[in-house]
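Numbering (the working numbering), first residue to last: 146 to 892.
Report on the following structure.
Dropping the structure here:
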């Protein structure tokens, strides 16, 4: 009996303990509320009826029969927090969506913080599909979905969209939409929402005994943490996902012979669809991203998913979150359509900044911009009034004055690659060339007039970006060359208008600008085209490249805006720092992001591997010209060169692989012995070239000229980069395993 009483007392004590000392909060549920504002939009692509012409039978009813395209129905202004009975400091945990109506298709419903053609608060964007409304009678369907406040959770909604200001300012928008090339019908009678929420936690006061009178020491107040200035990450070209806004039947010329046909479903993520990139063939799936010749209009209805390309920017997102930022609270990403005029993108950036300022209550934002994203940001702060919204700007590998790689993309295509370890999963160069032909943004990335002030052709470290048998070409001569080759050079007009700000880059309009440039990596500095005649008397254009210092994509002086040796600078009040990172790595991990972190935290210490002077590069470039493949192996049998699936790999540490039409280039570090193997892809002849670089300068070139080929020819040589003796090229003319000739360098 005593044990029972003792246990009972303990039970009573525990019950008292949990009820008095621990405040338990349980989720509350609101009532459903309807929208006060209903608006419509649509496209009468297949008939003359648009959703905007539908007849409203009451304030929240729309009967829309037989649509033959896409249509949107927006529901806004559901009331305030107080109307729902939600305390201002409560946390919404679930959203409930109730729709009343009927349709002959499964309607999509998404959530956003404004009226847009896409929804940006759900994962995926059209998170709800109301299949249960399909039929001939009015039905009611309710979905309950989790609300999350950090990260990306599939089948969940971002809690940041349910902040009180979105309710008060009537920004919370539910969008019903559908698109089809076939007639469809819908009668939506109502859309209502409700919420589960956790009320604010208020601890129950704990009874305290009356203390004995003793002197009470003065307590030291706990300092209030200083809130972070909101930080925005702006990606570079190709860094924002693009999707099909409406179903598209595509049957168009490929641009390089032939026709490509494909049915693109609504909301298919086209960029970056890695599955399609990995397929064999010419990658014509991406033709749907092409722009029309005006450079403004897209060939298809393309929109943003609201996400950045994961492989390119998840590293940066994870970095800032791990250092105390919260996604969509004080850290934001800014996706944009990277195909279009950079000048037009800055207005969308301004909208994003104003929304972030309203959400956070901050007077200014900080910006970290990678690659072309830096041009978006510099364009934004060139407006003195808008510059007042920005506290700090960091540009990482930004081609302020352009890059030769973008000129190459226009002329020959370019490996806009996704690196998976040492492998490159890439677009075929011909496809990349198709996509960029009418992209104003690529013309804006081509070397501008100011680029030629820094790379003035005076030596091999400062070459003009283009050279032919007539010599190096200046800006206008390159334009004339491209015009003669039927390129859409009218798009140089908006490019030149954009680059009018180049000479005012030194004016940062009061923004604290930090420029971070990758260096010490061979980077395309000059495209070389020379007409020549083969052994068979056939004239052809031989292609070659010259490397300069940079981050493998952007030339050093275009990224840094300063050439101390030549006393040239457009930095103004900005500071510049250098890392030894490739272009993509600058925004993925490592020293550049650590520098950004230190500056944001007010620390002067430079992270490891960050310098105030650029790194330099040295090494050996081997190349072949005409119909032959080149493969290089180091002493550990690591391989750099093409793979059987049409892509390439760079397994040799420190090596790179590049192409220019039928010419192939491999850059190797000067630290070993390499076996180089050649294999013919057609008959004719080929050239083999070895360029040596020391401290950014091409110090010597060895050429093996006009080596005859049959379709079976194989060859190999051994290159010792530490030896001054040029190698002997062994040629097996008929591929039978017997060496037929030993070729020495051409005099």
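Think of the CB as a built atom: it goes at the ideal place given N, C-alpha and C, for glycine as much as any other residue.
Given 8 Å, three or more beta-carbon pairs between the region 373 to 386 and the region 425 to 442: no
query: Between residue 197 and the rest of its own chain, which residues show a CB-CB distance below 6 Å, the 5 nearest in sequence each way excluded?
result: Note that residue 197 scores a pLDDT of 37, beneath 50, so its modelled location is shaky; the value from the coordinates is reported in the next line. Closer than 6 Å at the Cβ level, and outside the excluded window around residue 197, lie 185.
message: Would residue 806 and residue 609 be called neighbours here (beta carbons separated by less than 8 Å)?
response: no
- request: Under 7 Å Cβ to Cβ from residue 543, same chain only, skipping five residues before and after it: list those, please.
  value: 514, 516, 519, 520, 704
- request: Sort 343, 305, 248 by Cα distance to residue 321 and report the nearest one.
  value: 248
- prompt: Terminal residues of the continuous alpha helix (DSSP H) containing residue 521?
  reply: 517 to 526
field: Residues sharing a beta bridge with residue 337, DSSP
entry: 179, 243
message: By alpha-carbon positions, which one of 629, 540, 719, 672 ends up nearest to residue 605?
response: 672
field: residue 276, buried or exposed, once every other Cβ within 10 Å from all chains shown has been counted against 16
entry: exposed
query: So, is residue 873 buried or exposed, given that buried needs 16 or more other C-beta atoms within 10 angstroms?
result: exposed
task: Ignoring anything shorter than 4 residues or poking outside the region 674 to 732, list the alpha helix (DSSP H) runs there in chain order.
output: 701 to 705
- request: May I ask which residues mark the beginning and end of the beta strand (DSSP E) holding residue 389?
  value: 385 to 389
field: Simplified DSSP assignment, three categories, for residue 471
entry: coil
- prompt: What do you reckon, are the CB atoms on residue 785 and residue 763 nearer than 8 Å?
  reply: no
message: Just to confirm, is the Cβ distance from residue 498 to residue 524 under 8 Å?
response: no
task: Could you tell me which of 849, 753, 778, 379 sits nearest to residue 914, measuring between CA atoms?
output: This structure leaves residue 914 out entirely; the chain is present only between 146 and 892.
task: Could you round the C-beta distance between residue 731 and residue 811 to whole angstroms and report it? I think they count as a contact, below 8 Å.
output: Incorrect: roughly 23 Å between the Cβ atoms, too far for contact.
- request: Assign residue 545 to one of two classes, buried (16 or more other C-beta atoms within 10 Å of its C-beta) or exposed (fewer than that).
  value: buried
- prompt: By a C-beta neighbour count over all protein chains shown, 10 Å radius and 16 as the cutoff for buried, is residue 531 buried or exposed?
  reply: buried
query: Since residue 320 sits in a beta bridge, which residues does DSSP pair it with?
result: 219, 255
query: Does the distance from the CB of residue 444 to the CB of residue 416 come in under 8 Å?
result: no
query: If we count the other Cβ atoms within 10 Å of its Cβ and call it buried at 16 or more, is residue 635 buried or exposed?
result: exposed
task: Please check the pair residue 329 and residue 254, which I expect to be a contact at CB under 8 Å, by giving their CB distance rounded to whole angstroms.
output: Between residue 254 and residue 329 the Cβ distance is about 15 Å, and since that is not below 8 Å, they are no contact.
Element boundaries [beta strand (DSSP E), containing residue 415]: 414 to 416
task: Determine which residues share a DSSP beta bridge with residue 870 and list them.
output: Its beta-bridge partners do not exist; DSSP assigns none.
Spatial distance of residue 729 from residue 457 (CA atoms): 7 Å
field: Whole-angstrom C-beta distance between residue 714 and residue 701, which should lie under 8 Å
entry: Contact doesn't hold; Cβ gap of about 13 Å is too wide.
message: Would the region 852 to 859 count as touching the region 825 to 840 if we require 3 or more Cβ pairs under 8 Å?
response: yes
query: For residue 401, does the count of other Cβ atoms within 10 angstroms reach 16, so buried, or fall short, so exposed?
result: exposed
task: Name the residue from 688, 305, 245 whose alpha carbon lies nearest to the alpha carbon of residue 914.
output: This structure gives no information on residue 914, because the portion of the chain shown stretches from 146 to 892.
message: Suppose you measure from the CA of residue 563 to the CA of residue 470; what does that come to, to the nearest Å?
response: With a pLDDT of 47 at residue 563, under the threshold of 50, the predicted position of this residue should be treated as unreliable, and no value is reported.
- prompt: Comparing alpha-carbon positions, which option in 279, 278, 240, 288 lies nearest residue 302?
  reply: 240
query: Any idea what DSSP makes of residue 559, helix, strand or coil?
result: coil
task: Tell me whether residue 832 sits in a helix, a strand or coil according to DSSP, three-state version.
output: strand
- request: Would you give the residue range spanned by the beta strand (DSSP E) that residue 491 belongs to?
  value: No beta strand (DSSP E) contains residue 491, which is instead part of the alpha helix (DSSP H) from 487 to 505.
query: Buried or exposed: where does residue 832 fall if 16 or more other Cβ atoms within 10 Å of its Cβ makes it buried?
result: buried
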